[in-house]
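For reference, each letter of the sequence shown is one residue, going 140 to 594 in my numbering. Heads up, the thing below is written out as structure tokens.
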Amino acid sequence: MAKCLKQVLMLYSLSLQEDPYTMSHGSEFEGFCMDILKYLSNKLGFEYSVQLVKDNAYGRQDVKGNWNGMIGEVVRNEADLAVAPLTITAAREKSIELSKPFMQTGIGIILKKNDISSGPNFFEFLNPFSKETWIGILIAYASTSICLFIVARLSPCQWNEPKNDENQFTFMNSLWYAIGALTLQGAGPQPKAFSVRVISGIWWLFSVALLASYIANFSSILGTNSAKLTIETFDDLVKQDVIEYGTMQYSSTLNFLKTSKHPTYQMIYDHIERRKTTVPSMDEGIRKAREGKYAFIGESVSLDLAVARHCDLVRVPEVIGMRGYGIAGPKDSPFVKNLSIAILEMSESGDLDYLREKWWASTCETEGQDGRLAPLRPHQLGGIFVLLTIGLILGVILALMELAFKSLILLMDNVTLNDWNSLPNQAGGVRLVNSYGKFSCNLDPSFSSFHSVLA
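This is how it looks when you write it as structure tokens:
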């Protein structure tokens, strides 16, 4: 390998400007392929100069067997390497040397999200809210139930029969009351204390707003999906006649469909030829897909990039015709073998995965990948959660105030009773007992037993 590298110190490399593989950045180039070329240069110790291919084509063989594009320049020894997303095919291997694949790809379909439905889902009823929102609702339910139980125990006004130390707001009843309010059913004990009523009222308001949001979003999901097609495979694409479909002209994808013996792929090729639905470039295919009612068939990795950059697109799950992208060199070039070894080392070390994540990073965060409406997230319902939190805190504070006020009244009653009993008995033997009791909660003086319950 060292002898080979000494003979080739400066390599003339070709590429084709295509995002994110090769892009011009001032007087230099950057992108996924350029990062690979830089890594190989450092690994194998060669220098290189990059030029764009003259006719802006990957390479197609005419009836006479001559190649154009990057393949043609490599065949004519006008370039030492062609670094681009070149699909490894048998026809190209007969004319040039191709390295081990630096990326695996296949043939997929992209279309506009609004054009398709993702099909039936047994858990469709969960889609109006995101996972985080459902977790927040469970936390809100548990917090409200606990606060109802604690406040009902603290507030003297909630104790119906203080002689027997009974309180209807047990923990289980609090759980049942909260779930009943969440479903707009008046189940469980009735709140009597003002503090308990504050928490109950806020929880009812929270429940009404939550149910209204759920019903509105669920209705939108059902309404939009009912009028859409379900396209998850190439068979689904062929069986419908609402969405047009095509691919890029003179591409390896079109050649795959042309030469395939699979009946479905033959039908797709016949349809494309009959309806003349090919496009001159990948960008044009993506543009037509974004306009709607058009499914673009192409290399899956390129389609994944389009989906990452355009949040209104979606790729169907099925991928066919798996193959790889390789670096091209002249026929019988020993240097290509060295490139293959270095590419395998990049794959084993995770460098290729890192570069893939770097250049295929998605900017779509809230939209689903299946064409559905985005579920409601916690920040979109933040107002009702904040209102509930304020209500819970206010209810606890009011319960503490009620407890403190009742304790003060009992203390004043005891002081007044002791002072009165210390006086000599008058005729009639009248005593002042619980003169403040009716002012607070109309409870019997024996409510003093309540304190022992709290203890």
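Think of the CB as a built atom: it goes at the ideal place given N, C-alpha and C, for glycine as much as any other residue. Model, not experiment: these values are computed from the prediction.
- From the listed residues 227, 193, 492, 201, the smallest Cα separation to residue 462 is found for 227.
- Residue 173 holds the alpha-carbon nearest to the alpha-carbon of residue 224 among 290, 335, 322, 173.
- Here residue 222 carries a strand assignment [DSSP, helix/strand/coil].
- The straight-line gap separating the alpha-carbon atoms of residue 447 and residue 502 is approximately 6 Å.
- Note that the C-beta distance between residue 294 and residue 542 is below 9 Å.
- Spatial neighbours of residue 445 in its own chain (CB-CB distance under 7 Å, excluding positions within 5 residues in sequence) are listed in chain order as 249, 425, 452.
- Taken atom to atom, the span from the alpha-carbon of residue 229 to that of residue 520 is near 57 Å.
- The bridge partners DSSP lists for residue 453 are 250.
- Cβ contact annotation for residue 343 (same chain, cutoff 6 Å, sequence separation greater than five): 320, in chain order.
- In this structure residue 526 touches residue 345 by the C-beta definition: roughly 7 Å separates them, less than 8 Å.
- Judged by DSSP secondary structure, residue 461 falls within the beta strand (DSSP E) whose first and last residues are 459-468.
- Annotation for residue 288: the continuous alpha helix (DSSP H) segment containing it runs 270-293.
- Rounded to the nearest whole angstrom, the C-alpha separation of residue 529 and residue 337 is 10 Å.
- The C-beta separation of residue 160 from residue 170 comes to about 5 Å, placing the pair in contact by the 8 Å criterion.
- Taking one beta carbon from each stretch, the stretch 199-211 and the stretch 397-415 have fewer than 3 pairs nearer than 8 Å; the two do not touch.
- Nearest neighbour of residue 524 by Cα position, chosen from 280, 434, 499, 539, turns out to be 280.
- If you check the CB distance, residue 334 and residue 536 come in under 9 Å.
- It is roughly 52 Å from the alpha-carbon of residue 387 to the alpha-carbon of residue 347.
- Pairwise C-beta distances place the stretch 489-500 out of contact with the stretch 187-203, as fewer than three of them are shorter than 8 Å.
- Annotated three-state conformation of residue 479 is helix, per DSSP.
- It is roughly 27 Å from the alpha-carbon of residue 311 to the alpha-carbon of residue 545.
- Under DSSP, residue 437 takes part in a beta bridge, and its partners are 247.
- Note: residue 385 is bridge-paired with 435 in the DSSP secondary-structure output.
- Per DSSP, reduced to three states, the secondary structure at residue 187 is strand.
- Cβ-Cβ separation between residue 268 and residue 353: approximately 7 Å, consistent with a contact (criterion under 8 Å).
- Cβ atoms of residue 421 and residue 437 come within 8 Å of each other, at about 6 Å.
- In the structure shown, the three-state DSSP call for residue 161 is strand.
- With fewer than 16 other Cβ atoms inside 10 Å of its own Cβ, residue 201 counts as exposed.
- Taking every protein chain shown into account, the CB of residue 185 has 16 or more other CB atoms within 10 angstroms, so this residue is buried.
- Straight across, the Cα-Cα distance linking residue 449 with residue 277 is about 34 Å.
- For residue 239, the closest alpha carbon among the candidates 255, 467, 442 is that of 467.
- The alpha-carbon of residue 500 is positioned some 13 Å away from that of residue 441.
- In this structure, residue 392 lies near residue 246, with their beta-carbon atoms less than 9 Å apart.
- DSSP links residue 236 through a beta bridge to 468.
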